[in-house]
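Each remark here refers to the structure printed beneath this line.
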Amino acid sequence: MASVAEKILSTHVVGEEDGEIAVRIDQTLTQDATGTMAFLQFEALDLPKVRTELSVSYVDHNTLQTETLNADDHRYLQTAASKYGVLFSRPGNGICHQVHLERFAKPGRTLLGSDSHTPTSGGMGMLAVGAGGLDVALAMAGHPFWMKKPKIVGVELTGELKPWVSAKDVILEILRRKGVKGGVGKILEYHGEGVETLSVPDRATISNMGAEMGATTSLFPSDKVTKSFLASQDRESDWAELKADGESGYDEKLHLDLSSVEPMVAKPHSPDNVFKVSDEAGLKVDQVCIGSCTNSSLKDLMMAAQLLDGRTVHPDVSLTISPGSKQVLKMLSESGHLTKLIDSGARILECACGPCIGMGQSPKFKSVSVRTFNRNFQGRSGTEDAGIYLTGVEAAVAAAIKGELTDPLELGEYPDIKLPGMFSVDDSMIIRPTGGEIIRGNNIKPLCLNRPLSDKIKGDVLIKVGDNISTDHILPAGSKCLPLRSNIPAISEYVFHSIDKKFPKRAKKKKGGFIVAGSNYGQGSSREHAALAPMYLGVKAVLAKSFARIHRSNLINFGILPLEFNDPSDYDDLERGDEIAIKGLRECLARGDGELKVKADDEKIKVTSDLTRRQREIILAGGLLNYARENA
Ligand code: MIC
Ligand code: SF4
Numbered sequence: 031m032a033s034v035a036e037k038i039l040s041t042h043v044v045g046e047e048d049g050e051i052a053v054r055i056d057q058t059l060t061q062d063a064t065g066t067m068a069f070l071q072f073e074a075l076d077l078p079k080v081r082t083e084l085s086v087s088y089v090d091h092n093t094l095q096t097e098t099l100n101a102d103d104h105r106y107l108q109t110a111a112s113k114y115g116v117l118f119s120r121p122g123n124g125i126c127h128q129v130h131l132e133r134f135a136k137p138g139r140t141l142l143g144s145d146s147h148t149p150t151s152g153g154m155g156m157l158a159v160g161a162g163g164l165d166v167a168l169a170m171a172g173h174p175f176w177m178k179k180p181k182i183v184g185v186e187l188t189g190e191l192k193p194w195v196s197a198k199d200v201i202l203e204i205l206r207r208k209g210v211k212g213g214v215g216k217i218l219e220y221h222g223e224g225v226e227t228l229s230v231p232d233r234a235t236i237s238n239m240g241a242e243m244g245a246t247t248s249l250f251p252s253d254k255v256t257k258s259f260l261a262s263q264d265r266e267s268d269w270a271e272l273k274a275d276g277e278s279g280y281d282e283k284l285h286l287d288l289s290s291v292e293p294m295v296a297k298p299h300s301p302d303n304v305f306k307v308s309d310e311a312g313l314k315v316d317q318v319c320i321g322s323c324t325n326s327s328l329k330d331l332m333m334a335a336q337l338l339d340g341r342t343v344h345p346d347v348s349l350t351i352s353p354g355s356k357q358v359l360k361m362l363s364e365s366g367h368l369t370k371l372i373d374s375g376a377r378i379l380e381c382a383c384g385p386c387i388g389m390g391q392s393p394k395f396k397s398v399s400v401r402t403f404n405r406n407f408q409g410r411s412g413t414e415d416a417g418i419y420l421t422g423v424e425a426a427v428a429a430a431i432k433g434e435l436t437d438p439l440e441l442g443e444y445p446d447i448k449l450p451g452m453f454s455v456d457d458s459m460i461i462r463p464t465g466g467e468i469i470r471g472n473n474i475k476p477l478c479l480n481r482p483l484s485d486k487i488k489g490d491v492l493i494k495v496g497d498n499i500s501t502d503h504i505l506p507a508g509s510k511c512l513p514l515r516s517n518i519p520a521i522s523e524y525v526f527h528s529i530d531k532k533f534p535k536r537a538k539k540k541k542g543g544f545i546v547a548g549s550n551y552g553q554g555s556s557r558e559h560a561a562l563a564p565m566y567l568g569v570k571a572v573l574a575k576s577f578a579r580i581h582r583s584n585l586i587n588f589g590i591l592p593l594e595f596n597d598p599s600d601y602d603d604l605e606r607g608d609e610i611a612i613k614g615l616r617e618c619l620a621r622g623d624g625e626l627k628v629k630a631d632d633e634k635i636k637v638t639s640d641l642t643r644r645q646r647e648i649i650l651a652g653g654l655l656n657y658a659r660e661n662a
């Protein structure tokens with residue numbers, strides 16, 4: 031009796047050791063913000079071509095191009111893709127996850143992406159995992175991806191969604207119940223009769239935001255709904271049926287009756303701070319943004335257009351729409367839905383991540399912004415004191431029309447959205463590789479590598495932070511920082527920018543040191559820069575109560591030790607400026623017993639490194655790239 035996850039893993043696991051499995055990767059995706067580094071790393075592996083079935087390099091994050099930096103990155107990525115046999119999705123073609131779902135995701139296959147929302151393709155029955163760029167570079171080189179063997183949670187969906195309730199409300203409800211740490215080390219596998227009532231884009235919305243629970247991935251079966259979605263994308267031949275044999279393959283179970291779900295909202299500043307929209311109604315709203323890889327499918331935007339038809343955006347609200355892909359935008363245009371959006375006063379943005387990652391449209395001072403996005407961490411919008419509220423499309427439109435948070439039920443009759451049987455398929459924005467030389471602009475700086483681990487590390491606690499620190503806190507994105515992703519010395523000036531602007535200066539003055547953190551340190555994005563830039567500033571280890579999956583791997587990949595307190599209350603005894611020393615590290619790691627004694631001023635604190643043999647060797651080598659080259 032096997033779950034869908036087990037079925038895919040059974041044909042892809044090529045090794046197992048110390049609680050980790052090595053998974054063969056069929057497809058990879060990179061996006062421009064993480065892709066420049068991933069391709070620089072791939073170049074360092076000295077191979078003529080990628081060794082995957084399919085690799086796609088997308089440009090969707092850095093499209094503002096306020097200086098030449100982004101455009102230089104795009105040219106580098108396009109020429110590198112052409113040289114190494116990778117498809118290149120041009121800026122304007124859409125958000126990587128939306129385009130991948132439409133054009134490339136395949137049931138039963140594996141996908142590794144250098145973006146935390148790669149699990150979006152789980153809506154198609156694909157085992158799709160987010161990882162740091164270096165892990166993806168190695169997957170492009172044909173190496174398997176090592177990950178902690180996940181527990182499989184069977185999420186049974188029964189019943190059917192009521193009008194005005196959407197897939198977004200389903201995942202918000204699950205986040206409400208399980209929280210931002212609720213998925214760590216787990217695959218959330220959806221099953222049950224309720225699944226059949228959800229379209230592939232609905233399923234993709236749900237798998238997309240499993241990332242906010244820290245899940246390894248989320249996964250749906252591949253059924254007749256999947257088949258007709260693939261047929262509508264003119265790729266029915268990619269379909270394969272995939273369903274669980276009963277429920278015995280699940281380590282844990284969760285049940286949700288879809289008919290009990292109501293319109294939900296995640297309030298500032300965490301995606302699990304979830305309440306019913308009706309309980310929060312009346313809050314004055316300044317901005318509404320519809321789009322992002324969570325909610326920018328044709329269905330989502332047709333819904334927005336139908337609801338806005340004949341209505342005008344409230345005078346105090348700015349409404350933006352970012353379509354998920356060129357396909358979505360073109361079809362909205364052909365069906366007349368785009369005209370309805372324009373008529374309502376919506377500001378139509380390009381098919382890209384845009385406001386989701388603070389690339390423009392930062393809301394005003396102390397404002398309320400309602401967004402159909404997936405993250406509402408403080409400052410991510412580009413406005414430090416704005417409150418970001420996450421909802422589905424229906425509630426977002428209601429807020430845009432009424433100027434306040436409103437239960438969408440108040441909009442009257444629920445529109446009947448009929449998706450076309452055939453989507454407009456045109457892959458002309460996806461450039462096929464033809465070889466050639468790589469062109470490097472001034473923004474592409476050489477790789478920064480760590481040195482092999484010393485036997486003794488010593489230094490000050492450079493910063494002490496609390497629980498649930500996201501990578502947006504560690505290294506922000508937004509229009510100032512994103513253009514610097516291929517320039518580590520420059521981007522390292524922004525480490526902990528929203529928490530402690532003096533951090534980079536202090537770290538450099540002290541010649542590095544330690545970070546002390548609470549639980550779930552590094553939640554959120556896959557950006558390896560949140561490890562790479564601290565490494566550049568000399569950070570040697572992070573002492574935390576617990577870590578988020580992708581960030582922990584990124585720390586290891588760049589030779590920074592992730593250490594967990596044996597007794598979480600020891601966290602309270604450490605303060606900024608305390609001196610820390612750890613001795614006998616190489617021997618301890620080589621021995622592999624995990625426990626280390628940290629001397630912090632006069633105290634002795636016990637921490638555990640809990641690393642597998644492979645991870646210990648990576649740390650000893652000073653990072654994954656050094657390790658991979660040594661073992662080539
Ligand atoms: C995000 O949503 O935070 C991002 C920007 O897509 C990141 C990737 C990055 O930082 O480049 C992610 O989710 O991994
Ligand atoms: Fe882009 Fe936002 Fe999705 Fe990240 S979460 S991939 S920034 S749309």
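Numbering (our numbering), first residue to last: 31 to 662.
Backbone N, C-alpha and C define an ideal beta-carbon position, used for all residues, glycine too.
Excluding five sequence neighbours on each side, which residues of the same chain lie with their C-beta closer than 7 Å to the C-beta of L94? N100, M389, G390 and S509
Closest residue to S374 among S355, S399, D281 and V347 (Cα-Cα distance): V347
For the candidate residues G209, F72, K297 and G212, whose alpha-carbon lies nearest to that of Q408? K297
Can you tell me which residues form a DSSP beta bridge with W176? A52
What distance in whole Å lies between the Cβ atoms of Y88 and L59, which are believed to be in contact at a cut-off of 8 Å? 6 Å
What does the Cβ neighbour count give for P193, buried or exposed, with the cut at 16 atoms within 10 Å? exposed
With respect to 7 Å, is the separation between the Cβ of R405 and the closest non-hydrogen atom of ligand 1 below this value? At least one heavy atom of ligand 1 is nearer than 7 Å to the Cβ of R405, so yes.
DSSP has C319 in a bridge; who is on the other side? T350 and R401
Please return the same chain residues whose Cβ sits closer than 6 Å to the Cβ of H367, not counting the five positions on each side in sequence. M332 and A335
When we look at the beta-carbon of E271 and count the other beta-carbons within 10 Å, is it buried (16 or more) or exposed? exposed
Given 8 Å as the limit, is there contact between the stretch 556 to 572 and the stretch 473 to 492, that is, 3 or more CB pairs closer than that? yes
Host beta strand (DSSP E) of E282 (start-end): E282 to D287
For K181, which of helix, strand or coil comes out of DSSP? strand
Is it right to say G163 is buried, meaning 16 or more other beta carbons lie within 10 angstroms of its own, or is it exposed? buried
Would you kindly check if the distance between the Cβ of E190 and the Cβ of S289 is under 8 Å? yes
Within 10 Å of its beta-carbon, does D145 have 16 or more other beta-carbons around it, so buried, or fewer, so exposed? buried
Alpha carbons only, please: which of T421, P180 and I51 is nearest the one belonging to G279? The shortest C-alpha separation from G279 is found at P180.
Using a Cβ-Cβ cut-off of 8 Å (strictly less than) and excluding sequence neighbours within five positions of S262, which residues of its own chain qualify? So the list reads L449, P450, G451, M452 and F453, once near-sequence residues are dropped.
Straight-line Cα distance separating K629 from P231: Each residue's Cα considered, the two are about 52 Å apart.
Is V86 helix, strand or coil by DSSP? strand
V44 classed as buried or exposed, judged by whether at least 16 other C-beta atoms fall within 10 angstroms: exposed
Could you pull out every unbroken beta strand (DSSP E) segment of at least 3 residues lying fully inside the stretch 356 to 411, listed in chain order? 398 to 401
Just to check my reading of the structure: P385 and A241 have Cβ atoms closer than 8 Å, yes? What is that Cβ distance to the nearest angstrom? P385 to A241, Cβ: 18 Å. No contact.
Hey, would you say the C-beta of D90 is under 7 Å away from at least one heavy atom of ligand 2? Correct: D90 has its Cβ closer than 7 Å to ligand 2.
Are T413 and V295 touching if we call contact CB-CB under 8 Å? no
Under 8 Å by Cβ, that's how I've got L505 and V525 pegged, so tell me the actual separation to the nearest angstrom. 6 Å
Considering just the uninterrupted stretch of the beta strand (DSSP E) at Y419, what are its terminal residues? G417 to L420
Where do the N-terminal and C-terminal ends of the alpha helix (DSSP H) with E538 fall, by residue? The sequence as given places Lys at residue 538; Glu does not occur at that position. Counting along the chain, the alpha helix (DSSP H) containing K538 begins and ends at F533 to K539.
Count the CB pairs spanning the stretch 124 to 132 and the stretch 543 to 558 that are closer than 8 Å, and state whether there are at least three. no
Could you check if F395 is buried or exposed, using at least 16 other CB atoms within 10 Å of its CB as the buried criterion? exposed
So T642 packs on E226, CB below 8 Å; how close in whole Å? Actually they do not touch by this definition, with Cβ atoms about 40 Å apart.
So if DSSP puts T140 in a beta bridge, which residue, or which two residues, is it bridged to? According to DSSP, T140 bridges with L157.
Drop a sphere of 10 angstroms on the beta-carbon of A158, count the other beta-carbons inside from all chains shown, and report buried for 16 or more, exposed for fewer. buried
Report the rounded CA-to-CA distance for R470 versus N517, giving the unit in angstroms. 12 Å
Do V185 and L218 have their C-beta atoms within less than 8 Å of each other? yes
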